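Engineer: Numbering (the working numbering), first residue to last: 36 to 271.
Even for Gly, the Cβ is constructed at its ideal location relative to N, Cα and C.
Model, not experiment: these values are computed from the prediction.
Attaching a single structure in structure tokens format; questions to follow.
Next up, the structure:
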């Protein structure tokens, strides 16, 4: 049988895009599959990107989130604890609607971490967020996520913006220093439009070890005083 081929599997890495009804969220089915067909499995490393349908109204979305949390909590049983398999989840807002992410944490120390605009608190199942120490690349999908976020990545050396940071009273430097050390930054990528050149200059002035920068075309969206303010800036 094909399933017998999995008996020797020791490491499983799985990244999938699913909806809220997917069988991938059934902890009991996973448990039976592992016990019966993957008894030698040591590493269970998953990442689920869960897409909620955009046509749902707010009340339906709330009910779906409650159901999802119930399914996710099934991954807290003794079966998972004994094997030291721990997980985290977060519900977040995208331009297309409400989505969720469910993923393994320690001991699978990820080097890439994506920050979204959260719909609620990030929930870590059974384990502290010491896995953030291993992150080398921080991807900002929502500017609001770093204004409100509490996560700090002490060893991050790469930073990517997929969303321009909205204007706030706090400077771009002080906001970024809440999540990373700009002095350790080596690579910077701006993958969004309308990210002003002034912000880039301020980041450059505080990132002495930066050796690679990737800028999306039309970085300098036009303002009447854009270039004048750059020339008059002390940073420039």
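Taking DSSP as the reference, what is the three-state secondary structure of residue 181?
Structural biologist: In the structure shown, residue 181 sits in a helix (DSSP, three-state: H, G or I).
Engineer: Taking only runs of the beta strand (DSSP E) that begin and end inside the stretch 74–99, which ones reach a length of at least 3 residues, in chain order?
Structural biologist: If we require 3 residues or more, the beta strand (DSSP E) runs fully inside the stretch 74–99 come out as 78–86.
Engineer: Taking residue 1 as the reference, which of 84, 234, 245, 196 has the closest Cα?
Structural biologist: A query on residue 1 cannot be resolved here, the shown segment of the chain reaching from 36 to 271 and no further.
Engineer: As a quick exercise: from 221, 200, 243, pick the residue whose alpha carbon is nearest that of residue 233.
Structural biologist: With distances taken between Cα atoms, residue 233 lies closest to 200.
Engineer: Can you tell which of 186, 212, 229, 221 has the C-alpha that lies nearest to the C-alpha of residue 198?
Structural biologist: For residue 198, the nearest C-alpha among the options comes from 229.
Engineer: Since residue 249 is in the beta strand (DSSP E), which residue starts that stretch and which ends it?
Structural biologist: Residues 247–250.
Engineer: Report the residue from 188, 223, 117, 224 whose alpha carbon sits nearest the alpha carbon of residue 78.
Structural biologist: Measuring from the Cα of residue 78, the nearest candidate turns out to be 117.
Engineer: Would the stretch 69–77 count as touching the stretch 102–112 if we require 3 or more Cβ pairs under 8 Å?
Structural biologist: Because the criterion of three Cβ pairs below 8 Å is not met, the stretch 69–77 and the stretch 102–112 do not touch.
Engineer: Going by DSSP, name the residue or residues bridged to residue 149.
Structural biologist: Paired residues: 174.
Engineer: Going by beta carbon distance, what residues of the same chain come within less than 7 Å of residue 15, once the five residues before and after it are set aside?
Structural biologist: Because the chain is modelled from 36 through 271, residue 15 falls outside the range shown and cannot be assessed.
Engineer: Using only the alpha-carbon positions, how far apart do residue 67 and residue 196 sit?
Structural biologist: Their backbone Cα atoms lie some 41 Å apart in a straight line.
Engineer: Below 8 Å between beta carbons: does that hold for residue 208 and residue 217?
Structural biologist: Cβ distance < 8 Å, so residue 208 and residue 217 count as in contact.
Engineer: Measuring only the C-alpha atoms, how far is residue 54 from residue 192?
Structural biologist: Roughly 33 Å separates the two Cα atoms.
Engineer: Here's the rule I'm using: 16 or more other beta-carbon atoms within 10 Å means buried, otherwise exposed. How should residue 58 be labelled?
Structural biologist: Exposed: under 16 other Cβ atoms inside 10 Å.
Engineer: Taking the alpha helix (DSSP H) that residue 72 falls in, what are its first and last residues?
Structural biologist: 62–72 is the extent of the alpha helix (DSSP H) around residue 72.
Engineer: Distance, Cα to Cα, residue 177 vs residue 147?
Structural biologist: C-alpha separation (whole angstroms): 16 Å.
Engineer: To the nearest angstrom, how far is it from the Cα of residue 119 to the Cα of residue 212?
Structural biologist: Near 32 Å, if we compare the C-alpha coordinates of residue 212 and residue 119.
Engineer: Using a threshold of 8 Å, state whether the C-beta atoms of residue 134 and residue 87 are closer than that.
Structural biologist: Yes; because the gap between Cβ atoms is below 8 Å, this pair is in contact.
Engineer: Based on Cα-Cα distance, which residue from 221, 226, 251 lies nearest to residue 240?
Structural biologist: For the residues 221, 226, 251, the minimum Cα distance to residue 240 belongs to 221.
Engineer: Mind checking which residues open and close the beta strand (DSSP E) that includes residue 225?
Structural biologist: Counting along the chain, the beta strand (DSSP E) containing residue 225 begins and ends at 222–225.
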